[in-house]
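Visitor: Mind looking over this structure? Questions follow.
2 protein chains.
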Amino acid sequence: MTQYGAIEGGGTKFVPAVADEDNQIIARTKIATGQPEATLRAISAFFDDFALTAVGLGSFGPIDLNEDSPSYGTILNTPKTAWQGYDIVGELHQRLQVPVFATTDVNVACLGEYQFGIAQGVRSCVYFTVGTGIGAGAINQGRLIQGLAHPEMGHMRVLQDPADDFAGLCPYHRNCLEGLAAGPALAARAGRPAGELPADDRCWAIEADYLAQAANTVSLLLAPEVIIFGGGVMNQPQLLPMIRNRFERYNQGYVDRPPLTEYLQGASLHDNQGVLGCLALAQQGMVPSTVLNQ
Amino acid sequence: MTQYGAIEGGGTKFVPAVADEDNQIIARTKIATGQPEATLRAISAFFDDFALTAVGLGSFGPIDLNEDSPSYGTILNTPKTAWQGYDIVGELHQRLQVPVFATTDVNVACLGEYQFGIAQGVRSCVYFTVGTGIGAGAINQGRLIQGLAHPEMGHMRVLQDPADDFAGLCPYHRNCLEGLAAGPALAARAGRPAGELPADDRCWAIEADYLAQAANTVSLLLAPEVIIFGGGVMNQPQLLPMIRNRFERYNQGYVDRPPLTEYLQGASLHDNQGVLGCLALAQQGMVPSTVLNQ
Numbered sequence: 001m002t003q004y005g006a007i008e009g010g011g012t013k014f015v016p017a018v019a020d021e022d023n024q025i026i027a028r029t030k031i032a033t034g035q036p037e038a039t040l041r042a043i044s045a046f047f048d049d050f051a052l053t054a055v056g057l058g059s060f061g062p063i064d065l066n067e068d069s070p071s072y073g074t075i076l077n078t079p080k081t082a083w084q085g086y087d088i089v090g091e092l093h094q095r096l097q098v099p100v101f102a103t104t105d106v107n108v109a110c111l112g113e114y115q116f117g118i119a120q121g122v123r124s125c126v127y128f129t130v131g132t133g134i135g136a137g138a139i140n141q142g143r144l145i146q147g148l149a150h151p152e153m154g155h156m157r158v159l160q161d162p163a164d165d166f167a168g169l170c171p172y173h174r175n176c177l178e179g180l181a182a183g184p185a186l187a188a189r190a191g192r193p194a195g196e197l198p199a200d201d202r203c204w205a206i207e208a209d210y211l212a213q214a215a216n217t218v219s220l221l222l223a224p225e226v227i228i229f230g231g232g233v234m235n236q237p238q239l240l241p242m243i244r245n246r247f248e249r250y251n252q253g254y255v256d257r258p259p260l261t262e263y264l265q266g267a268s269l270h271d272n273q274g275v276l277g278c279l280a281l282a283q284q285g286m287v288p289s290t291v292l293n294q
Numbered sequence: 001m002t003q004y005g006a007i008e009g010g011g012t013k014f015v016p017a018v019a020d021e022d023n024q025i026i027a028r029t030k031i032a033t034g035q036p037e038a039t040l041r042a043i044s045a046f047f048d049d050f051a052l053t054a055v056g057l058g059s060f061g062p063i064d065l066n067e068d069s070p071s072y073g074t075i076l077n078t079p080k081t082a083w084q085g086y087d088i089v090g091e092l093h094q095r096l097q098v099p100v101f102a103t104t105d106v107n108v109a110c111l112g113e114y115q116f117g118i119a120q121g122v123r124s125c126v127y128f129t130v131g132t133g134i135g136a137g138a139i140n141q142g143r144l145i146q147g148l149a150h151p152e153m154g155h156m157r158v159l160q161d162p163a164d165d166f167a168g169l170c171p172y173h174r175n176c177l178e179g180l181a182a183g184p185a186l187a188a189r190a191g192r193p194a195g196e197l198p199a200d201d202r203c204w205a206i207e208a209d210y211l212a213q214a215a216n217t218v219s220l221l222l223a224p225e226v227i228i229f230g231g232g233v234m235n236q237p238q239l240l241p242m243i244r245n246r247f248e249r250y251n252q253g254y255v256d257r258p259p260l261t262e263y264l265q266g267a268s269l270h271d272n273q274g275v276l277g278c279l280a281l282a283q284q285g286m287v288p289s290t291v292l293n294q
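Residue numbers (the working numbering), protein chains in the order written: chain A, 1 to 294; chain B, 1 to 294.
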């Protein structure tokens, strides 16, 4: 029986999992993100009981994904200094002795929805993760967007609502999308955790407005067939309809697109989009220039 | 001898050309954009003297480029009402009896630079045409960006300089990038044609700022290896260095990119990028999902 490994590697926890060739998950665990060596030791101990064919990794970043780079697979500048310069792909390969295919955490979520979820059958899609940070993965004509580096869509500029005097939290840009609309910004603006805010709090309208601008910008630059919003902040059920309501404020009828209930969607895989995306990576032996199966 | 046809189809003129298999242009003409039938009759008369293998078309738009669409190759909503709904690809094929491969006018410029110019050897690039309008073509991992439709990057929003009280000219969005920074906007703001403005006029600083924002946004969303600026407005030699000067105002050291003299470049093919891109289209039998040769 062929088994594939999946590793969702986040800043607070790693989630390794094993699935059979029908993508049924047969084992999964959680490992707190500690020092790199200890974290990888725990991951490889978890995989010890399985005979893996290949592993797919969706890593926190930034990570060097340039296939021609000597530092391919290495974590780049990150506030988690112990991981800076750590060759996570090489070390996993060393320990597991199977091919390791890697991309970003937001790319695997996009890939999961593309291969197994709501974006099945399209050629081009974007997946926004709105949580502690904001990131997005995108697929164009069956290939992940990946150039000089992976995209950093969370840092696009947005027009700040004049009624929103929040300064923004991005250490680089202050009031970019992430600085104004990631979970910590939402909580800081409101003065309490987002989960405690009533559904009609004005902060949700502000949040929806910035995410609608992000959707409009990706629709103009990437022309995706569907734009998906996932991540912890999107667990608020009132938010997605509010983003849809605000999208035309920016599009103004310009881009001819499907009905908004089809065009702007929530994640469809019950928080399994990441692990399923990792499995797709592993099964397809995927590097950035791979053309995805469908 | 194998001969390929190229057609740059613009709103004011069509430029058909013929090249040999070494991309040497052996004939070229200009035809004013009139009624569709008359325009295509003139184009096909020009090609009568040649034995073409295939034709590449870079068309004004919007144009339906969805390979699965029943209206593939048809001009969509355009102020040039005689062309609305006109099947330019089908009609050219009918008249010329050779395969016709089509994309947008801005995509062929991008493709020309990618195949023959400054973007040779990269996997991902963006080409902005800044002229009567603003548009951009982009290539990711060897494929043109093309999803639901072709990109419409000229209509991205920018942060308007508080010192710039110009209302903007875009009939849809008023003060989007095109509305604030295309040639007509530049002339309307200045009260005279852009070509008559001194190099130190404040309008150039405003223009450079908006184009620097556009470069920053594409760098975050598409991570291109190079961003190229072409089109009539870019004929002002002071403009490109000013865009470079302003780029970091928006990037703030966030995206790790090559030196700005390499990252932000002017067009390199002496106004031949469009015709060369059309030839690349024709030679590669290219539809949106084609992986480009390099």
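Note that the Cβ used here is the ideal one computed from N, Cα and C, for glycine as well.
Which parts of the region 210-292 of chain A are runs of the alpha helix (DSSP H), unbroken and 4 residues or longer, counting only runs that do not cross its ends?
Guide: Segments of the alpha helix (DSSP H) lying fully in the region 210-292 of chain A: 239-251, 260-263, 273-284.
Visitor: Within 10 angstroms of its Cβ, does A/Q283 collect 16 or more other Cβ (buried), or is it exposed?
Guide: Along the first sequence, read from residue 1 onward, the residue named residue 283 of chain A stands at position 283. Buried is the call here.
Visitor: Can you find a CB in chain B that lies within less than 8 Å of the CB of A/V18?
Guide: Taking the first sequence and counting its residues from 1, the one referred to as residue 18 of chain A is at position 18. A/V18 does not count as touching chain B.
Visitor: By DSSP's criteria, A/C170 is part of a beta bridge. Which residues make up the other side?
Guide: In the first sequence, residue 170 of chain A corresponds to position 170, counting from 1. In the DSSP output, where bridge partners are listed per residue, A/C170 has A/R174.
Visitor: So what does A/A27 bridge to, in DSSP terms?
Guide: By one-based count along the first sequence, residue 27 of chain A stands at place 27. DSSP, once it has assigned bridges, lists A/V18 as partnering A/A27.
Visitor: Output the boundary residues of the beta strand (DSSP E) element that contains A/S59.
Guide: Within the first sequence, the letter at position 59 stands for residue 59 of chain A. From DSSP, the beta strand (DSSP E) with A/S59 extends over 52-59.
Visitor: Looking only at its chain, what residues have a beta carbon closer than 6 Å to the beta carbon of A/V158, apart from the 5 residues adjacent to it on each side?
Guide: Mapped onto the first sequence, residue 158 of chain A falls at position 158. Once the five neighbours on either side are set aside, the close Cβ partners of A/V158 are L177, Y210, Q213.
Visitor: Here's the rule: buried if 16 or more other CB atoms are within 10 angstroms of the residue's CB, otherwise exposed. What is A/Q146?
Guide: The residue given as residue 146 of chain A occupies position 146 in the first sequence. Classification of A/Q146: buried, given that the 10 Å Cβ count is 16 or more.
Visitor: DSSP has B/A138 in a bridge; who is on the other side?
Guide: For the purposes of this step, residue 138 of chain B is taken as the residue at position 138 of the second sequence. For B/A138, which the question treats as bridged, DSSP gives the partners B/V126.
Visitor: How about B/V89 and B/L40: do their beta carbons lie closer than 8 Å?
Guide: Residue numbering aside, residue 89 of chain B sits at position 89 when the second sequence is read from its first letter. Residue numbering aside, residue 40 of chain B sits at position 40 when the second sequence is read from its first letter. No.
Visitor: Give a yes or no on whether the C-beta atoms belonging to A/S59 and A/D87 are separated by under 8 Å.
Guide: Position 59 of the first sequence holds residue 59 of chain A. Position 87 of the first sequence holds residue 87 of chain A. Not a contact, by the Cβ cut-off of 8 Å.
Visitor: Quick check on the DSSP output: the alpha helix (DSSP H) that includes B/G183 runs from which residue to which?
Guide: Within the second sequence, the letter at position 183 stands for residue 183 of chain B. Run containing B/G183: 183-190, per the alpha helix (DSSP H) assignment.
Visitor: Note down, in chain order, all residues in the region 68-80 of chain B with a beta-carbon under 7 Å from any beta-carbon belonging to chain A.
Guide: Listed by position along the chain: nothing, the set is empty.
Visitor: Could you tell me if B/E196 is buried or exposed, where buried requires 16 or more neighbouring beta carbons within 10 angstroms of its beta carbon?
Guide: Numbered from 1 along the second sequence, position 196 holds the residue referred to as residue 196 of chain B. Classification of B/E196: exposed, given that the 10 Å Cβ count is below 16.
Visitor: Could you round the C-beta distance between B/I31 and B/I43 to whole angstroms and report it? I think they count as a contact, below 8 Å.
Guide: Taking the second sequence and counting its residues from 1, the one referred to as residue 31 of chain B is at position 31. Taking the second sequence and counting its residues from 1, the one referred to as residue 43 of chain B is at position 43. Yes, B/I31 and B/I43 are in contact; Cβ-Cβ is about 6 Å, under 8 Å.
Visitor: For the candidate residues B/D48, B/G9, B/T74, whose alpha-carbon lies nearest to that of B/Q308?
Guide: In the structure displayed, chain B extends from 1 to 294; residue 308 of chain B sits before or after that span and is not available.
Visitor: Between the region 117-130 of chain B and chain A, which residues of the former have CB atoms less than 7 Å from a CB of the latter, in chain order?
Guide: Cβ contacts with chain A: R123, S124.
Visitor: Going by the beta-carbon positions, is the gap between B/L221 and A/L221 smaller than 8 Å?
Guide: Taking the second sequence and counting its residues from 1, the one referred to as residue 221 of chain B is at position 221. Taking the first sequence and counting its residues from 1, the one referred to as residue 221 of chain A is at position 221. A contact, by the Cβ cut-off of 8 Å.
Visitor: Leaving aside the five residues before and after A/G64 along the sequence, list all residues of the same chain whose C-beta is less than 7 Å from its C-beta, in chain order.
Guide: On the first sequence, residue 64 of chain A is found 64 positions in, with the first residue counted as 1. With the sequence shown as reference, residue 64 of chain A is identified as Asp, and Gly is not the correct amino acid for it. Hits under 7 Å: S71, Y72, G73, T74, L76.
Visitor: Would a check of beta-carbon distances place A/Q146 closer than 8 Å to chain B?
Guide: Counting from 1 along the first sequence, the entry for residue 146 of chain A is found at position 146. Closer than 8 Å: yes.
Visitor: A/E152 touches chain B at which residues, Cβ-Cβ below 9 Å?
Guide: Within the first sequence, numbered from 1, the residue matching residue 152 of chain A stands at position 152. The contacting residues are S219, L220, L221, A223, Y254, V255.
Visitor: May I ask you to report which of helix, strand or coil DSSP gives A/L148?
Guide: Counting from one through the first sequence, the residue named residue 148 of chain A turns up at place 148. Three-state DSSP puts A/L148 in coil, outside helix and strand.
Visitor: In chain B, which residues lie less than 8 Å from A/A187 when you measure between Cβ atoms?
Guide: Numbered from its first residue, the first sequence carries residue 187 of chain A at position 187. The contacting residues do not exist; A/A187 stays about 23 Å from chain B at best.
Visitor: Is it true that the CB of B/S124 sits closer than 8 Å to the CB of B/N140?
Guide: Position 140 of the second sequence holds residue 140 of chain B. Position 124 of the second sequence holds residue 124 of chain B. For B/N140 and B/S124, yes; Cβs fall inside 8 Å.
Visitor: Take every Cβ of the region 160-168 of chain A, pair it with every Cβ of the region 126-142 of chain A, and state whether three or more of those distances are shorter than 8 Å.
Guide: The region 160-168 of chain A vs the region 126-142 of chain A: no contact.
Visitor: Starting from A/M156, find everything on chain B with Cβ-Cβ shorter than 7 Å and list it in chain order.
Guide: Position 156 of the first sequence, counted from the start, is the residue given in the question as residue 156 of chain A. Going along chain B in sequence order, the residues near A/M156 (Cβ under 7 Å) are T217, L220, L221.
Visitor: In chain order, which continuous runs of the beta strand (DSSP E) of length 3 or greater are located wholly inside the region 62-113 of chain B?
Guide: Listed in chain order, the complete beta strand (DSSP E) runs (minimum 3 residues) inside the region 62-113 of chain B are 100-104.
Visitor: CA-CA distance, B/V100 and B/M242?
Guide: Your numbering for residue 100 of chain B matches position 100 in the second sequence. Your numbering for residue 242 of chain B matches position 242 in the second sequence. Rounded to the nearest angstrom, the two C-alpha atoms are 40 Å apart.
Visitor: Measuring straight from C-alpha to C-alpha, what distance separates B/A54 and B/L279?
Guide: The sequence position of residue 54 of chain B within the second sequence is 54, counting from 1. The sequence position of residue 279 of chain B within the second sequence is 279, counting from 1. Distance between the alpha carbons of B/A54 and B/L279 is about 9 Å.
Visitor: Quick one: measure Cβ to Cβ for B/T33 and B/F46, integer angstroms, because I've assumed they're closer than 8 Å.
Guide: Here residue 33 of chain B refers to the residue found at position 33 of the second sequence. Here residue 46 of chain B refers to the residue found at position 46 of the second sequence. Their Cβ separation, rounded to whole angstroms, is 14 Å, which puts B/T33 and B/F46 out of contact at 8 Å.
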